[in-house]
Amino acid sequence: MYEQVKVMSSHIHYSPLPTNESDISNIHKFAFPKISRLKIVGVTFVILLSVVLVVISCFNKGYCSNKSVCNPESEGNRSDRGQYGKGEHIKFHHMKRRLPQCIIIGARKAGTRALLTYLNIHPGIVVKGEEMHFFDDEDYYYDSLESYRKQMPYSYPDQITIEKTPAYFTEEEVPERIYRMNKTIKLLLIFRDPVERTISDYVQIAEGKKSKNKYVASFEDHVLDSKGNINRSYRAVKSSIYHKHLSRWLEFFSLNQIYIIESKDLVENPSVVMYDVEDFLQIEHEIKPSNFYFNKTKGFYCVKTDTLQKCLADSKGRQHPHVQRSVISKLRRFFAPHNRKLYKMVGTDFHWAEE
Ligand code: A3P
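The sequence shown begins at 32 in this note's numbering and counts up one residue at a time.
Listed below in structure tokens is the structure:
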């Protein structure tokens, strides 16, 4: 028996433990099949490329689920939301195109562009740069509210979308149409001394005609009728009879839904006016005096943020023509009773000159 065991053990193949480095490397080669360096580089490249493509498509389509990568807010980069054109084209996570919760309804040539530009400084506001003319254009209005919404910039749920179309103030159908869209909407309205506004309106219309090589009659020719009285049917005059237009708005909206600004205040103290507008909109005070600087060449305040300095276009703050003193006096006398009706309606005396 002992002999049998001894013979069997002599037939068992015995592998000794490795003792030197070349033996160890042989074991590794056995456990992990050989992968060439080229293949590793190739696979790594493909993985990296896929990650880059996913991130790009997530930015483009707004399908980003990784907030820390795709949502600037989650990175605490709140200031990104205060830039011009924010939300116009770029859509981040949670952003949607929303109907405006606030509209600048007028008045034309009273500083509506300046107001919209100043509001755009606020990170809690997104603005539609173009005038929409949705509620005063029959075809557009009867197209659908949905097509209007789709024109709005992207916004976060806590942001206010604002558009401005000064033509809304004077168009008959508009108050009811806006009321039907949103009866609790907030409205912003700027009044400018009606004589100045009428002249500014004339300048705007004249510029349009000049650019088409059309004849431009003088301001006096437009504003006076054949008997030398104020021409009530001249559009620039009609638009300045504010109480008539405002009374139509008050059939649908209460006065505390309409925030009224005097144009001169906006020109002279933009930061003070904007502070009050922020209160009206019930948003934090983010628009600071440091966001404005006076540009002597322009003759107006311009906007300054961390990333930009901007004055309004040359079409804002135009030179007005010289108007005969007698015509100015006639206009002042003409508007005086209308202005007084307006002061009574809004509970504020704007102290516009009467002579
Ligand atoms: P004028 O061109 O007659 O001076 P709107 O934007 O509603 O068309 O109003 C234009 C008016 O905005 C200008 O009329 C100008 O008086 C006024 N305005 C107010 N703030 C301004 C600013 N910061 N820069 C230029 N114009 C400003």
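Every residue gets a Cβ at the ideal spot worked out from N, C-alpha and C, and that includes glycine.
Note that the structure is a prediction, hence the values are computed from the model and not measured.
One question on the structure: do LEU220 and ILE272 come within less than 9 Å of each other, judged by their Cβ atoms?
no
Cα-Cα separation between GLY155 and THR229, rounded to whole angstroms:
34 Å
Does the beta-carbon distance from LYS195 to LEU255 come in below 9 Å?
no
Can you give me the Cβ contacts of PHE311 inside the same chain, cut-off strictly under 6 Å, excluding the 5 residues immediately before and after it?
TYR290
Taking buried to mean at least 16 other C-beta atoms within 10 Å of its own C-beta, is PRO352 buried or exposed?
Answer is exposed; the Cβ neighbour count stays below 16.
VAL247 by DSSP, collapsed to three states: which one?
coil
Residue range of the beta strand (DSSP E) that includes ILE136:
Segment 133-137, the beta strand (DSSP E) holding ILE136.
Report the residue from LYS275, PRO184, SER346, GLU251 whose alpha carbon sits nearest the alpha carbon of LYS361.
Comparing Cα-Cα distances from LYS361 to each of LYS275, PRO184, SER346, GLU251, the minimum goes to GLU251.
What residue range is occupied by the uninterrupted beta strand (DSSP E) comprising LEU219?
217-222
Any non-hydrogen atom of the ligand A3P closer than 8 Å to ILE221 Cβ
yes
By a C-beta neighbour count over all protein chains shown, 10 Å radius and 16 as the cutoff for buried, is PHE76 buried or exposed?
By the 10 Å Cβ count, PHE76 comes out exposed.
Locate the alpha helix (DSSP H) running through PHE365, then write down its first and last residues.
356-377
Starting from TYR171, trace the alpha helix (DSSP H) in both directions and tell me its first and last residue.
169-174
Taking all protein chains shown into account, decide if HIS276 is buried (16 or more other Cβ within 10 angstroms of its Cβ) or exposed.
buried
Between the segment 157-176 and the segment 226-245, can you find at least three pairs of beta-carbon atoms closer than 8 Å?
no
Backbone CA spacing between PRO131 and ILE193 [nearest angstrom]:
Going by the C-alpha atoms only, they are around 5 Å apart.
Decide if SER357 is buried, meaning its Cβ has at least 16 other Cβ atoms within 10 Å, or exposed.
exposed
As a quick exercise: from TYR233, PRO301, LYS181, SER249, pick the residue whose alpha carbon is nearest that of LYS140.
TYR233
Mind checking who ILE261 pairs with in its DSSP beta bridge?
LEU255.
Given 8 Å as the limit, tell me if HIS276 has its C-beta closer than that to any heavy atom belonging to the ligand A3P.
no
For ASP167, count neighbouring Cβ atoms within 10 angstroms of its own Cβ and tell me buried if that reaches 16, exposed if not.
buried
Start and end of the beta strand (DSSP E) containing ILE289?
289-293
When the Cα atoms are used, what is the spatial distance from HIS164 to LEU79?
48 Å
Apart from the five residues on each side of it in sequence, which residues of its chain come closer than 6 Å, Cβ to Cβ, to ALA384?
ARG363
Ignoring anything shorter than 4 residues, give me the alpha helix (DSSP H) runs that lie fully in the segment 169-215, in order along the chain.
Listed in chain order, they are 169-174, 176-180, 205-212.
By DSSP's criteria, TYR387 is part of a beta bridge. Which residues make up the other side?
Only positions 32 to 386 of the chain appear in this structure, which leaves residue 387 out of reach.
Count the other CB atoms, across all protein chains shown, that sit within 10 Å of the CB of TYR173; report buried if there are 16 or more and exposed otherwise.
Counting Cβ neighbours within 10 Å, TYR173 comes out exposed, since fewer than 16 surround it.
From LYS217 to TRP280, what distance separates their C-alpha atoms?
Put simply, the backbone Cα of LYS217 is about 12 Å away from that of TRP280.
Hey, quick one: how far does the beta strand (DSSP E) through ILE156 stretch, first residue to last?
156-159
Touch test, the segment 313-333 against the segment 198-213, Cβ-Cβ under 8 Å, three pairs minimum
no
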